[in-house]
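Residue numbers (this note's numbering): 14 to 143. All C-beta atoms in this analysis are idealised placements derived from N, C-alpha and C, irrespective of residue type, glycine included. Data block below; observations after.
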């Protein structure tokens, strides 16, 4: 069994949060620029009017900006770090639990980041309190 040092958990948490920010922006910026094309490429049901997927893209960019303090210094911005993890969980619950199956991929996208973030931040929390 491998043990994770607080330093390793901290470094990996920061990396995963930054990767999530970049992934969010990789989806959001093209959606902001050309929502119809992104919806077609994603094989999601058409949305009308186009302002709604564009607005969702804008909100995703803004949400990602709020993740930045957690990516820079998770210990100093402890509440923000846990909020970032909670926001990923909320995305999973919203898209997988309450939306038709056509939208589940969006929830799985958040799940990819939620699981390692939750494990790493829990590990860091445990190690710092020991």
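Specify the secondary structure class of residue 67 as computed by DSSP and reduced to three states.
The answer is helix: DSSP assigns residue 67 an H, G or I state.
Look at residue 93 and residue 70 and say whether their C-beta atoms are less than 8 Å apart.
The answer is no: Cβ separation not under 8 Å.
I believe residue 22 touches residue 137 by the beta-carbon criterion, under 8 Å. Please report the beta-carbon distance rounded to the nearest angstrom.
Their Cβ separation, rounded to whole angstroms, is 4 Å, which keeps residue 22 and residue 137 in contact under 8 Å.
Cα-Cα, which of 54, 48, 72, 73 is closest to residue 61?
For the set 54, 48, 72, 73, the Cα lying nearest the Cα of residue 61 is the one of 48.
Out of 135, 143, 66, 142, which one is the CA nearest neighbour of residue 119?
For the options 135, 143, 66, 142, the alpha carbon positioned closest to that of residue 119 is the one of 66.
Please report the Cβ distance between residue 133 and residue 26, rounded to the nearest whole angstrom; I am assuming they are in contact, meaning their Cβ atoms lie under 8 Å.
Their Cβ separation, rounded to whole angstroms, is 4 Å, which keeps residue 133 and residue 26 in contact under 8 Å.
For the alpha helix (DSSP H) containing residue 110, name the first residue and the last one.
That residue, residue 110, is in no alpha helix (DSSP H); it is neither H nor E in DSSP.
Taking the Cβ atom as the reference point for each residue, do residue 42 and residue 129 lie within a distance shorter than 8 Å?
Their beta carbons are not under 8 Å apart, which means residue 42 does not touch residue 129 by this criterion.
Mind checking residue 87: buried by the 16 CB within 10 Å criterion, or exposed?
Buried is the call here.
Taking C-beta to C-beta, are residue 57 and residue 115 nearer than 8 Å?
Taking 8 Å as the Cβ cut-off, residue 57 and residue 115 qualify as a contacting pair.
Hey, residue 76 and residue 40 are a contact pair by Cβ (cut 8 Å); roughly how many whole angstroms apart?
No, residue 76 and residue 40 are not in contact; Cβ-Cβ is about 12 Å, not under 8 Å.
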